[in-house]
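**Student:** For any residue, its number in our numbering is found by taking its place in the sequence shown, counting from 1, and adding 331.
Glycine included, every Cβ here is placed at the ideal spot set by N, Cα and C.
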Amino acid sequence: LVETLARFEKDVKRTDTGFLAIATEVENDGEKASETPEKIKELLKEFQDILPDDLPNELPPYRTHQHEIVEEPGSKPTFRAPYRLSPTELTNMKKQIEYLLAKGLIRPSISPYGAPVLFTPKPDGSLRMCIDYRALNKQTIKNKYPIPQIDDLLDQLRGATVFSKLDLRSGYWQIRMADNSIHKTAFRTRYGSYEYLVMPFGLTNAPATFQAEMNHILRPLLDECVVVYLDDILIYSRDMKQHVEHLRRSEFALEKVQFLGHMVSAQGVHVGPKKIEAVRTWKTPENVMELQQFLGLANYYNRFVPQYAKIAAPLTNLLKKNTPYKWEPKHQEAVEQLKQALTSAPVLILPDPERDYVIEADASDQAVGAVLMQDQGNGLQPIAYLSKKLHGAELNYPIHDKEALAIVIAFKAWRCYLEGRQTTVYTDHCSLKYLKTQPNLSRRQVRWIDFLETHFHYDIVYKPGHKNKADALSRPAHVAAIQIEGMNPLLKGLFTHGYAIDPEISLAEKRHLLQWDSDIAYRKGSTKIWVPNYPPLRQLLLEEYHNVLYAGHFGSNKTLTGIAKHYYWPHMADDVQKFVTSCDTCQRMKSSKRKKAGLLQPLPVLEQPWQVVSLDFITGLPPTTSSHDAILVVIDKFSKMGHFIPTHTTARTEETAQLFVRHIISQHGIPTTLISDRDPKFTSKFWKELMSLLGTKLAMPSAYHPHTDGQTERLNQIVEQLL
């Protein structure tokens, strides 16, 4: 049995006898335990009137802020019936209501408002009574008072060596309700209706009111020796002489202290031990909500995690709209990597605003990354990490622009530190050294340089990738991007040999068409690698961008677009055209797309998706492990969206109808027109009767003219080509 000392005294008075064992905690979650210094003890004794064991039996005084509930115009009083509660909860509720009445914090109510009561477990196993104010909150006008940024609060602690942490006793109950809002706090129980005279938990604007009052009270000390986040107050000082403050549940004169989930010390900030344990023991998310909770915790500490965006990408992709929640090995691997990264997170130093900063930035095809550092006498040490996935048009930027974007994103993210200070930017992209002086700039580059030049003092210095910390933050593998720093030795050997025997290289050098980096030639003013005239090397690259599984055997234009993103050689387009037209696989497997003779009537202009759909089968495929050897292809003529449904060549009409209902009608509704070929499944009496009952018109091409439904036929060709 675990009891408080006060509870034990009451039990002894009631029973006359008792045994008491006391356990003392030496270490408190990593906080360095220490005796309260005599100066602090004297201070506590002086102000012991504000350190009560319990709240006084009276209302708190009127303060600068009272909590007012302002509802949207036209709102009506909210009322919800009480929830059914267990006997244990009812007993607990009765005790808590009696306590609140005795303290004068609530009173009986005849208000038309009424919220139900529910209970949530506390960490110690007891129950916390909560009022469900969701209906009231929904029609309350939101207070936009700013809640402090946690990173800003942590930055204020630089240089401090002594900390005291204050935890207010029932802080919300020390703010009174505005007289015109008391009746709106009413809650209903089986013992009657009551309303709060002080600010209760659960009201949507309560945090804003409390933060405003705390800022008002502590304003003279804010950012000088105090930071405050709602009812968490941290006093920080450079030495004991400066150190003051008080409160019963406070921890005084610590060399290490937990604050807002972080462990703060003179050395810097790192993830709090409780949060590390929470991450370490987190079970595998089984649904979207559990995944959101896990990512919410992980993202709170993303400044400690290099490559956060890259590691979390498989998990964030699961949260995209219309993405089925299917847990795969890659998702479990991402969870384990995040756990490992958070449980071994580095200590981040706190920034010194009087010193210059260093940024290392880098980019790859899919992400950008950066690390902010400072030398405070012990060499460069990290202040924060940053990693961001690229989206939309950013994915199509040339690598030069992606590297520049990494720098711009870093300056935007850390503007609060960098503005007005000298910053050195290290990049592994040699040409960025000339970003400021480059004569020909795109409009996008002009915008970026204008932003940087207007707000910051910076220099860009070239640093090879293997020496660049940020290089790891942005380096997710990409099949099309062969990065020089990690290039396969065999491939690099082909480049080296090619440069040695290609006479065009020396001519290009004389014409100043090349620039060299790590023994690799780049086209002048570009990030594209100059490929020497060495047939085995060019053949290898052409096969890489056309023949392999992920390349898809697309035509010469798409193949050229892919290879030209990263490489250059004279007459590349001619070589690609010649290679693609001579590809044996393409000649054997691709069907002709030449326009057939005769007139075809186009479909009428469609007005909405899934109004007109087409059906077809791809057959003759090798059986899968599930014995599927065919694909039912269903295409929406409006959006061009397709469903590819595995089936059997021998599937009956009834089975095909079940697939159509399960995968199409259940998701998109009943189409008005269905286009198909004259497969026996679609010409059967059953199929026609089914479509008639659904009100769907059947449209079939004339015999031996499958190209009437050219869109579906063409998509089938692409699927077969990829398979």
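1. So, at 7 Å on beta carbons, what are the nonlocal neighbours of H514 in its own chain, with the 5 sequence-adjacent residues on each side left out?
2. Scan the segment 643-723 and note each continuous beta strand (DSSP E) run of 3 residues or more that stays entirely inside, going in chain order.
3. Taking the DSSP output, what are the residues bridged to P439?
4. Could you check if P616 is buried or exposed, using at least 16 other CB atoms within 10 Å of its CB as the buried criterion?
5. Under a three-way DSSP split, which group does P413 fall into?
6. Alpha carbon to alpha carbon, what distance is there between V448 and G533?
7. Would you call the segment 736-745 and the segment 779-789 in contact, with 3 or more CB pairs under 8 Å?
8. Shortest alpha-carbon distance to S1007 belongs to which of R983, G1000, V964?
9. Identify whether I832 lies in helix, strand or coil by the three-state DSSP scheme.
10. Just curious, the alpha helix (DSSP H) that C747 is in, first and last residue?
11. According to DSSP, what are the bridge partners of H788?
12. Whose CA, out of K719, A694, G751, lies closest to the CA of D732?
13. Any idea what DSSP makes of T758, helix, strand or coil?
14. Between which residues of its own chain and L946 is the CB-CB distance below 6 Å, once the five residues before and five after are set aside?
15. Taking G893 as the reference, which of L952, K968, Y728 has the closest Cα?
16. Give every residue of the same chain whose Cβ lies closer than 7 Å to the Cβ of I437, excluding the five residues on either side of it in the sequence, and list them in chain order.
17. From Y793 to C761, what distance separates their C-alpha atoms?
18. Rounded to the nearest angstrom, how far is the Cβ of G456 from that of L390, given a contact under 8 Å?
19. In chain order, what residues of the same chain have a beta carbon less than 6 Å from the beta carbon of H396, not counting five sequence neighbours either side?
20. Taking its Cβ as the centre, do 16 or more other Cβ atoms sit within 10 Å of W900, making it buried, or is it exposed?
21. Write down the C-beta distance between Y865 and G829 rounded to the nearest angstrom, noting that I regard them as a contact closer than 8 Å.
22. Taking all protein chains shown into account, do 16 or more other C-beta atoms lie within 10 angstroms of the C-beta of I680, making it buried, or fewer, making it exposed?
23. Would you be able to state if there are at least three C-beta pairs under 8 Å between the segment 707-723 and the segment 654-662?
24. Since Y748 and P682 are thought to touch, with beta carbons under 8 Å apart, how far apart are those beta carbons, to the nearest angstrom?
25. Just to confirm before moving on: does the CB-CB distance between A446 and R411 stay below 8 Å?
26. Which one or two residues does DSSP pair with V401 in a beta bridge?
27. Alpha carbon to alpha carbon, what distance is there between I791 and E621?
28. Consult DSSP for D905 and reduce its assignment to one of helix, strand or coil.
29. How long is the line joining the alpha carbons of N536 and G627, rounded to whole angstroms?
30. For L336, which residues of its own chain have a beta-carbon under 6 Å away from its beta-carbon, when the five flanking residues on both sides are left out?
31. Is K823 helix, strand or coil when you go by DSSP?
32. Helix, strand or coil, according to DSSP, for K496 in the structure here?
33. Considering only the beta carbon of each residue, do I428 and Y522 sit closer than 8 Å?
34. Count the other C-beta atoms from every protein chain shown that fall within 10 angstroms of the C-beta of K1012, then say buried if there are 16 or more, exposed otherwise.
35. With DSSP collapsed to three states, give me the class of D802.
36. From the DSSP secondary-structure annotation, give me the bridge partner or partners of P977.
**Tutor:** In this structure, then:
1. In the sequence shown, residue 514 corresponds to position 183, counting from 1. S440, S442, Y444, E526.
2. 688-694, 698-706, 711-720
3. The sequence position of residue 439 within the sequence shown is 108, counting from 1. According to DSSP, P439 bridges with Y525.
4. Translated into the one-based positions of the sequence shown, residue 616 becomes position 285. With 16 or more Cβ atoms within 10 Å of its Cβ, P616 is classed as buried.
5. As a first step, residue 413 is located in the sequence shown; it is residue number 82 there, counting from the start. Note: P413 maps to coil in three-state DSSP.
6. Mapped onto the sequence shown, residue 533 falls at position 202. Mapped onto the sequence shown, residue 448 falls at position 117. Distance between the alpha carbons of G533 and V448: 11 Å.
7. yes
8. Position 676 of the sequence shown, counted from the first residue, corresponds to residue 1007. Per the Cα distances, V964.
9. Indexing the sequence shown from 1 puts residue 832 at position 501. Correct three-state label for I832: helix.
10. Counting from one through the sequence shown, the residue named residue 747 turns up at place 416. Taken as a continuous stretch (DSSP letters only), the alpha helix (DSSP H) holding C747 covers 746-749.
11. Mapped onto the sequence shown, residue 788 falls at position 457. The partner list for H788 (beta bridge, DSSP) reads Q753.
12. Working through the sequence shown from its first residue, we reach residue 732 at position 401. Of K719, A694, G751, the residue nearest in Cα terms is A694.
13. Numbered from its first residue, the sequence shown carries residue 758 at position 427. Looking at T758 - three-state DSSP - the assignment turns out to be strand.
14. Residue mapping note: residue 946 aligns to position 615 of the sequence shown, counting from 1. These residues qualify, in order along the chain: V965, S1007.
15. Here the question's residue 893 lines up with position 562 in the sequence shown. Of L952, K968, Y728, the residue nearest in Cα terms is Y728.
16. Start at 1 with the first residue of the sequence shown, and residue 437 comes out as number 106. Within the same chain, I437 has close Cβ partners L431, Y525, E526, Y527, L528.
17. The residue labelled residue 793 in the question sits at position 462 within the sequence shown. The residue labelled residue 761 in the question sits at position 430 within the sequence shown. Roughly 5 Å between the two C-alpha positions.
18. Sequence index remark: in the sequence shown, residue 456 carries index 125 (1-based). Sequence index remark: in the sequence shown, residue 390 carries index 59 (1-based). Going by Cβ atoms, the distance from G456 to L390 rounds to 31 Å, so no, they are not a contact pair.
19. Your numbering for residue 396 matches position 65 in the sequence shown. Correct list, in chain order: T540, A543, E544.
20. What you label residue 900 is simply residue 569 of the sequence shown in a count that begins at 1. That one is buried.
21. Locating residue 865 in the sequence shown gives position 534, counting from the first residue. Locating residue 829 in the sequence shown gives position 498, counting from the first residue. Their Cβ separation, rounded to whole angstroms, is 3 Å, which keeps Y865 and G829 in contact under 8 Å.
22. Locating residue 680 in the sequence shown gives position 349, where the first residue counts as 1. Classification of I680: buried, given that the 10 Å Cβ count is 16 or more.
23. no
24. Residue numbering aside, residue 748 sits at position 417 when the sequence shown is read from its first letter. Residue numbering aside, residue 682 sits at position 351 when the sequence shown is read from its first letter. About 5 Å separates the two Cβ atoms, so the contact holds.
25. As a position in the sequence shown, residue 446 is number 115, starting the count at 1. As a position in the sequence shown, residue 411 is number 80, starting the count at 1. Yes, Cβ-Cβ distance for A446 and R411 is below 8 Å.
26. Counting from 1 along the sequence shown, the entry for residue 401 is found at position 70. For V401, which the question treats as bridged, DSSP gives no partner whatsoever.
27. For the purposes of this step, residue 621 is taken as the residue at position 290 of the sequence shown. For the purposes of this step, residue 791 is taken as the residue at position 460 of the sequence shown. Distance between the alpha carbons of E621 and I791 is about 43 Å.
28. Here residue 905 is taken as the residue at index 574 of the sequence shown, counted from 1. Helix, per DSSP.
29. Indexing the sequence shown from 1 puts residue 536 at position 205. Indexing the sequence shown from 1 puts residue 627 at position 296. Going by the C-alpha atoms only, they are around 22 Å apart.
30. On the sequence shown, residue 336 is found 5 positions in, with the first residue counted as 1. With a pLDDT of 48 at L336, under the threshold of 50, the predicted position of this residue should be treated as unreliable, and no value is reported.
31. Translated into positions along the sequence shown, residue 823 becomes position 492. Three-state result, K823: helix.
32. By one-based count along the sequence shown, residue 496 stands at place 165. Here K496 sits in strand by DSSP.
33. Stepping through the sequence shown from its first residue, residue 428 is reached at position 97. Stepping through the sequence shown from its first residue, residue 522 is reached at position 191. Yes, they are a contact pair.
34. The residue given as residue 1012 occupies position 681 in the sequence shown. Buried: at least 16 other Cβ atoms inside 10 Å.
35. Translated into the one-based positions of the sequence shown, residue 802 becomes position 471. The predicted position of D802 is uncertain, since its pLDDT is 49 and thus under 50; a value taken from the coordinates is nonetheless stated next. The answer is helix: DSSP assigns D802 an H, G or I state.
36. Looking up residue 977 in the sequence shown gives position 646. According to DSSP, P977 bridges with I962.
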